[in-house]
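S.K.:
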Amino acid sequence: MPDSQGNPTLLDLIEEIEDDIGRADLNQQVRTAVSRAIRHHQSQRLHFNERSLVFVTAPGVDTYARGDLGEIADLYAVDTLVLIENDQPWPLRRVPEADIERRQDASCWSRPCRFSFFDRSIRLDPVPDAAYSLRLSGHMQIPAPPADGDTSPWVDEAGTLIAAWAKRHLAQNVLRDPVLAKIQEDAVRSALNELRGRANRAASAGQIRAWTL
1 MPDSQGNPTL LDLIEEIEDD IGRADLNQQV RTAVSRAIRH HQSQRLHFNE
51 RSLVFVTAPG VDTYARGDLG EIADLYAVDT LVLIENDQPW PLRRVPEADI
101 ERRQDASCWS RPCRFSFFDR SIRLDPVPDA AYSLRLSGHM QIPAPPADGD
151 TSPWVDEAGT LIAAWAKRHL AQNVLRDPVL AKIQEDAVRS ALNELRGRAN
201 RAASAGQIRA WTL
């Protein structure tokens, strides 16, 4: 049943799939299929896995990873990194890690103006000389719900996609039903297109602009 806020849970999705395939005896296989479906789509950029987060630098520390902010290690892509000082945003320029490695002077501390994203870490240059607030935006890994009674965008906004992918997996590898597999293949494509369309609409300015060629 839904959680206390009325959101669908992992168990809701599992029971829905069991009902759709008419097999209550395949609970473990259904769970495996759902887990694989979520893992398969983690790298897909959708409207719910674009996030913004803030972390604070420490003087003399140029690299920030999971120990500083857990979400950094779960980033798939970094869009922007902005330093906020006196309510004024200062975008940092992204450069290759090798560029920072080659040019950085560890004895020269100052306000960062460049960064790299390498080995699941954010590295700043120059080395920060004070505590600065940095706002990072990008594509982040959204975990699957850990327990049956938990929810997640994967079983809520993306529930139709995950259910269809899981049923296709079951049809191909457990039920050996090519007709069901083809039906669910089409359902996966339709659900993914709908989610991508929602993300594109959210990112759009909602205006048609003329271009001079």
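Numbering-wise, the numbering used here puts 97 at position 97 of the sequence shown, and it's gapless, one number per residue. Each residue gets a CB set at the ideal place from its N, CA and C atoms; glycine is no exception.
Would you check if the stretch 121–133 and the stretch 51–66 touch, i.e. whether three or more CB-CB distances between them fall below 8 Å?
M.R.: In short, these stretches touch, since the Cβ pair count reaches three.
S.K.: For GLN184, count neighbouring C-beta atoms within 10 Å of its own C-beta (all shown protein chains included) and say buried if the count is 16 or more, exposed if not.
M.R.: With 16 or more Cβ atoms within 10 Å of its Cβ, GLN184 is classed as buried.
S.K.: Would you report the Cα separation of CYS113 and PRO128, rounded to the nearest angstrom?
M.R.: One C-alpha to the other measures close to 10 Å.
S.K.: Going by other Cβ atoms of all chains shown within 10 Å of its Cβ, with 16 needed for buried, is ARG168 buried or exposed?
M.R.: Under this definition ARG168 is a buried residue.
S.K.: Express the C-alpha separation of ALA199 and GLY206 in angstroms, rounding to a whole number.
M.R.: Confidence in GLY206 is poor, its pLDDT being 47 and thus under 50, which makes the residue's placement too unreliable to answer from.
S.K.: DSSP beta-bridge partners for ASP125?
M.R.: For ASP125, which the question treats as bridged, DSSP gives the partners ARG114.
S.K.: List the whole-angstrom C-beta distance separating ASP62 from ARG123, where the pair is believed to meet the contact cut-off of C-beta under 8 Å.
M.R.: Contact holds; Cβ gap of about 6 Å.
S.K.: Please list, in chain order, all residues of the same chain as GLY159 whose beta carbon is under 7 Å from its beta carbon, the five residues on each side excluded.
M.R.: Closer than 7 Å at Cβ, skipping near neighbours: PRO8, LEU13.
S.K.: Can you have a look at VAL188 and say buried or exposed, based on whether 16 or more other CB atoms are within 10 angstroms of its CB?
M.R.: Buried is the call here.
S.K.: Alpha carbon to alpha carbon, how far is GLU16 from VAL174? Give it in angstroms, no decimals.
M.R.: Roughly 17 Å between the two C-alpha positions.
S.K.: Between the alpha carbons of ALA163 and HIS139, how many angstroms are there, rounded?
M.R.: Answer to the nearest angstrom: the Cα atoms are 23 Å apart.
S.K.: Please report how far the alpha carbon of LEU69 lies from the alpha carbon of SER52, in whole angstroms.
M.R.: Roughly 12 Å separates the two Cα atoms.
S.K.: Applying the 10 Å Cβ sphere with the 16-neighbour rule, what's the burial state of ASP125?
M.R.: It counts as buried.
S.K.: Are ASP74 and GLN141 close, meaning C-beta to C-beta below 8 Å?
M.R.: In this structure, GLN141 lies closer than 8 Å to ASP74 by Cβ.
S.K.: If you count every other CB in all the chains shown that lies within 10 Å of the CB of GLN88, and 16 or more means buried, which is it?
M.R.: By the 10 Å Cβ count, GLN88 comes out exposed.
S.K.: Under the rule that 16 or more other beta-carbon atoms within 10 Å means buried, what is ALA33, buried or exposed?
M.R.: By the 10 Å Cβ count, ALA33 comes out buried.
S.K.: Work out the CA separation of TYR76 and ASP186 for me, nearest whole Å.
M.R.: Approximately 27 Å between the Cα atoms of the pair.
S.K.: For PRO145, collect the residues of the same chain with a Cβ closer than 8 Å to its Cβ; drop the 5 residues on either side in sequence, then sort them by chain order.
M.R.: Contacts found: THR9, LEU10, THR151, SER152, TRP154, VAL155.
S.K.: What are the boundary residues of the alpha helix (DSSP H) that ILE17 is part of?
M.R.: From DSSP, the alpha helix (DSSP H) with ILE17 extends over 10–21.
S.K.: Looking at C-alpha atoms only, which residue of ARG45, PHE115, ALA166, ALA37 is the closest neighbour of VAL82?
M.R.: Of the candidates ARG45, PHE115, ALA166, ALA37, the one whose C-alpha sits nearest the C-alpha of VAL82 is PHE115.
S.K.: Between which two residues does the beta strand (DSSP E) carrying HIS139 extend?
M.R.: Here the beta strand (DSSP E) through HIS139 covers 133–140.
S.K.: If we ignore side chains and look at the alpha-carbon of each, how far apart do GLY60 and TRP109 end up?
M.R.: Computed Cα separation, rounded: 7 Å.
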